[in-house]
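The listed protein sequences derive, respectively, from chains S and Y.
According to UniProt numbering, the first sequence is numbered sequentially starting from 1.
According to UniProt numbering, the second sequence is numbered sequentially starting from 1.
Beta carbons are placed, not taken as given, at the ideal position from N, Cα and C, and that holds for glycine.
Note that the coordinates shown come from a computational prediction; the quantities given were computed from them, not determined experimentally.
There are 2 protein chains.
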Amino acid sequence: MADQNTVVAASDLPIKRPREEDEVEATTKAPDGISSVIPGWFSEISPMWPGEAHSLKVEKILFQGKSEYQNIMIFQSATYGKVLVLDGVIQVTERDECAYQEMIAHLPLCSIPNPKKVLVIGGGDGGVLREVARHSSVEQIDICEIDGMVVEVSKQFFPDLAVGYEDPRVNLHVGDGVAFLKAVPEGTYDAVIVDSSDPIGPAQELFEKPFFESVAKALRPGGVVCTQAESIWLHMHIIEDIVSNCRQIFKGSVNYAWTTVPTYPSGVIGFMLCSTGGPAVDFRNPVNPIEDKDNEKAPLKFYNKEIHSAAFCLPSFAKKVIDSKSK
Amino acid sequence: MADQNTVVAASDLPIKRPREEDEVEATTKAPDGISSVIPGWFSEISPMWPGEAHSLKVEKILFQGKSEYQNIMIFQSATYGKVLVLDGVIQVTERDECAYQEMIAHLPLCSIPNPKKVLVIGGGDGGVLREVARHSSVEQIDICEIDGMVVEVSKQFFPDLAVGYEDPRVNLHVGDGVAFLKAVPEGTYDAVIVDSSDPIGPAQELFEKPFFESVAKALRPGGVVCTQAESIWLHMHIIEDIVSNCRQIFKGSVNYAWTTVPTYPSGVIGFMLCSTGGPAVDFRNPVNPIEDKDNEKAPLKFYNKEIHSAAFCLPSFAKKVIDSKSK
Chain S
1 MADQNTVVAA SDLPIKRPRE EDEVEATTKA PDGISSVIPG WFSEISPMWP
51 GEAHSLKVEK ILFQGKSEYQ NIMIFQSATY GKVLVLDGVI QVTERDECAY
101 QEMIAHLPLC SIPNPKKVLV IGGGDGGVLR EVARHSSVEQ IDICEIDGMV
151 VEVSKQFFPD LAVGYEDPRV NLHVGDGVAF LKAVPEGTYD AVIVDSSDPI
201 GPAQELFEKP FFESVAKALR PGGVVCTQAE SIWLHMHIIE DIVSNCRQIF
251 KGSVNYAWTT VPTYPSGVIG FMLCSTGGPA VDFRNPVNPI EDKDNEKAPL
301 KFYNKEIHSA AFCLPSFAKK VIDSKSK
Chain Y
1 MADQNTVVAA SDLPIKRPRE EDEVEATTKA PDGISSVIPG WFSEISPMWP
51 GEAHSLKVEK ILFQGKSEYQ NIMIFQSATY GKVLVLDGVI QVTERDECAY
101 QEMIAHLPLC SIPNPKKVLV IGGGDGGVLR EVARHSSVEQ IDICEIDGMV
151 VEVSKQFFPD LAVGYEDPRV NLHVGDGVAF LKAVPEGTYD AVIVDSSDPI
201 GPAQELFEKP FFESVAKALR PGGVVCTQAE SIWLHMHIIE DIVSNCRQIF
251 KGSVNYAWTT VPTYPSGVIG FMLCSTGGPA VDFRNPVNPI EDKDNEKAPL
301 KFYNKEIHSA AFCLPSFAKK VIDSKSK
């Protein structure tokens, strides 16, 4: 257990792996210059969600480092298990990661029959791989993660996520997802899953039109993409742009879904689900159920067929904006 | 604009209405003794959600007082509008109140044909009344709120909520909801809505079995109740108990639904929806649509028929527990 007064800095920390007896230095400056930290707690402050912050009580800092792309921190929280933080933003907690990983993987893969080739962009922690690997029809799982340090620390500190890498169908490419996709032969994949961080930092390009064009090209006719698509409560302007872009690029269906993840800002996260022209995909009515009998060792915690369909039902304020951009 | 260093205390504040020039005194001790407050921010720390806290940036404290029952605070937040806090817990923010008020009112009222007599327990801010009043079939709206000061401050600071009191069908009773219900003649109401705070403090009895028995007695055959029922991420043990109690008491259907409210702990809030023996109620398939044409002046922001049905679809971890208690 860490000292109650341990303070966690959200950014600008040197590469450092604290030894047991280390005292981590206190810094209370968040990116916007406001004192950001309850002593002994990690606070998530960002211009992406101004005026609010979610905080978790820290028991022990397990890792702090700076990769080529971002600051990486891992801590043991008091009530959410281990937590992975990139550039001051929570990516994963052991307590609620099931919601995000299961939904971003099974929403697309349960919507098409017999997915065989799947590409994951981002998702370096391995949690999405773990979920994709539940599908016995899948023969090849490629992953392109830009930051090798994320892969390394996940293997060290998050074995329940990084277990995804142990599947023999997985091929890891450490590199730029945008460049990787450009080199993919046309029509290669049945599904592409984009498990990105927010569009500030290394993931910025993953929210732009040229990227979606590359995704569409890499998919077979009637193939599907699922991308992390922010919060209806906080980011309707970003979502509007994504929907507009996708409507121009994907000639099949274009849909927005959402789910609950307590440690993500506003408590929800959305997904953009699109299909290319070809065999029609009705995302709201999954055709490829993932049965618990295939997953007896590690049953699904969050996803089921009902919550799949429900995820596409939007509050009126969001439906109005998204429907207007979808036509 | 308040000074950036203004500090908001979550509890134990004297009755005080700060004048413009007042400086509110700093206190940083939360109930568990840990320093809880980012200067200039309100942090919500409670043993009901240990190890985490949501914080909102404060622009100005508008009211602080202590009623006979609880501490009451209202502040202008930087990005969530005005915020009502009872005993250190956020009850309402102007930015996201639509989700809670619309769902707790329309989930029950859209599930039965022609509701005429409705009772609201709690809900002193008036937001639930505003939503109940959208239903043109309703002839009588009784409300029993224990804390008159909540009603007063809502009328002063939250006109968009307290507008509910202006409807001529509304009868306000300031008093104990438990006692009020006991005195209600059997079979009086078509619907009872319990808009309570958490089961620590004045609302404790509203989560116990004798209260649910009084509710069942006050409802007509085939009448419905909707009660605030905590978070599937944080309070499954409380939810289990509520479901068990309701299953014993309500001879019709017993259901759990949930929705997203960013400023509630874990970002979700649940509702227990039950009906008494008599005409069957299928909560998942609403029979009494609330049409936008009836609400042209103030359209619904959150609720629609799709999100009504979707609210009953639960993540597997919650479904498993709730289904086991429902049989």
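Neighbour flag for residue i against chain S, beta carbons, 8 Å
i: ALA10(Y); result: Any reading at ALA10(Y) must be qualified, since the residue scores a pLDDT of 35, below 50, and its modelled position is unreliable; the value itself is stated next. ALA10(Y) does not count as touching chain S.
i: PRO262(Y); result: yes
i: TYR256(Y); result: no
i: PRO50(Y); result: yes
i: ASN295(Y); result: no
i: ALA298(Y); result: no
i: LYS251(Y); result: no
i: LYS116(Y); result: no
i: LYS319(Y); result: yes
Expected contact under 8 Å - CB spacing of residue i and residue j to nearest Å
i: ASP190(Y); j: ILE104(Y); result: That pair is no contact at about 16 Å.
i: VAL261(S); j: TYR69(S); result: Not confirmed; about 23 Å, so no contact.
i: GLU145(S); j: GLY122(S); result: 6 Å
i: VAL58(S); j: SER46(S); result: VAL58(S) to SER46(S), Cβ: 18 Å. No contact.
i: TYR256(Y); j: ALA229(Y); result: 7 Å
Within-8 Å CB hit, residue i to chain Y
i: ASN200(S); result: For clarity, residue 200(S) is Ile in the given sequence; the question names Asn instead. No, because no Cβ of chain Y sits closer than 8 Å to the Cβ of ILE200(S).
i: SER54(S); result: Checking the displayed sequence, the identity of residue 54(S) turns out to be His instead of Ser. So yes, HIS54(S) belongs to the interface.
i: PRO315(S); result: yes
i: PHE302(S); result: yes
i: ILE307(S); result: yes
i: ALA216(S); result: no
i: LYS325(S); result: no
i: ASP32(S); result: Confidence in ASP32(S) is poor, its pLDDT being 31 and thus under 50, which makes the residue's placement too unreliable to answer from.
i: ALA310(S); result: yes
i: ILE290(S); result: no
Residue of the options minimising C-alpha distance to residue i
i: GLY177(S); options: ARG169(S), GLU186(S), ASP160(S), ASP142(S); result: ASP142(S)
i: GLY148(Y); options: HIS135(Y), SER137(Y), VAL174(Y); result: VAL174(Y)
i: ASP323(Y); options: PRO185(Y), GLU145(Y), GLU240(Y); result: GLU240(Y)
i: ILE232(S); options: TRP41(Y), ARG95(Y), HIS54(Y); result: ARG95(Y)
i: PRO221(Y); options: GLU296(Y), HIS237(Y), PRO115(Y); result: PRO115(Y)
i: GLY65(S); options: PHE317(S), ILE74(S), GLU59(S), GLY123(S); result: ILE74(S)
i: GLU44(S); options: ILE61(Y), HIS54(Y), LYS319(Y), ASP87(Y); result: HIS54(Y)
i: PRO159(Y); options: ARG130(Y), GLN140(Y), ILE146(Y); result: ARG130(Y)
i: PHE271(S); options: VAL192(S), PHE63(S), ALA280(S), SER316(S); result: VAL192(S)
i: ILE249(S); options: ALA257(S), ALA229(S), CYS274(S); result: CYS274(S)
i: VAL92(S); options: PRO50(S), SER67(S), VAL153(S); result: VAL153(S)
i: GLY277(Y); options: GLY223(Y), GLU52(Y), GLU166(Y), ILE269(Y); result: GLY223(Y)
i: GLU97(S); options: LYS82(S), ASN255(S), PRO108(S), VAL170(S); result: LYS82(S)
i: VAL120(S); options: SER111(S), CYS226(S), ILE61(S), PRO199(S); result: CYS226(S)
i: LYS60(S); options: LYS325(S), PHE42(S), ALA218(S), SER67(S); result: PHE42(S)
i: GLU213(S); options: LEU234(S), ILE238(S), VAL184(S); result: VAL184(S)
i: ASP282(Y); options: VAL151(Y), ILE90(Y), CYS110(Y); result: CYS110(Y)
i: ARG134(Y); options: GLU296(Y), ASP198(Y), LEU172(Y); result: GLU296(Y)
i: ALA218(S); options: GLY187(S), THR259(S), GLN204(S); result: GLY187(S)
i: VAL138(S); options: ASP167(S), LEU84(S), SER309(S); result: ASP167(S)
i: PRO210(Y); options: LEU84(Y), GLY201(Y), CYS246(Y); result: CYS246(Y)
Extent of the continuous beta strand (DSSP E) to which residue i belongs
i: SER214(S); result: Looking at the DSSP string, SER214(S) is not in any beta strand (DSSP E); the run it does join, the alpha helix (DSSP H), is 209-218.
i: MET272(S); result: 268-275
i: GLN91(Y); result: 89-93
i: ILE61(S); result: 52-66
i: VAL194(S); result: 189-195
i: GLN140(S); result: 140-145
i: SER43(S); result: 41-44
i: LYS82(S); result: 82-86
i: ALA257(S); result: 254-260
Residue interval of the alpha helix (DSSP H) (run including residue i)
i: GLU306(Y); result: 305-310
i: ASN245(S); result: 236-249
i: CYS98(S); result: 97-109
i: MET149(Y); result: 148-157
i: ALA179(S); result: 177-183
i: PHE317(Y); result: 316-325
i: LEU172(Y); result: From DSSP, LEU172(Y) is part of no alpha helix (DSSP H) but of the beta strand (DSSP E) over 170-174.
i: VAL118(S); result: Element bounds for VAL118(S): not the alpha helix (DSSP H) but the beta strand (DSSP E), 117-122.
i: LEU129(Y); result: 127-132
Closer than 7 Å: residue i CB and nearest the ligand SAM heavy atom
i: GLU240(Y); result: The ligand SAM is not among the ligands present in this structure, which contains no ligands whatsoever.
According to a CB-to-CB cut-off of less than 9 Å, which residues of the segment 265-282 of chain S neighbour chain Y? Going along the segment 265-282 of chain S in chain order, one finds PRO265, SER266, GLY267, VAL268 with a Cβ nearer than 9 Å to chain Y.
Could you run through the segment 77-100 of chain Y and flag, in chain order, every residue whose CB is less than 9 Å away from some CB of chain S? Cβ contacts with chain S come from SER77, ALA78, THR79, TYR80, ARG95, ASP96, CYS98, ALA99.
Output, in sequence order along the chain, the residues in the segment 56-68 of chain Y whose CB is closer than 8 Å to any CB in chain S. Legend: CB atoms of the segment 56-68 of chain Y lying less than 8 Å from CB atoms of chain S belong to residues LEU56, LYS57.
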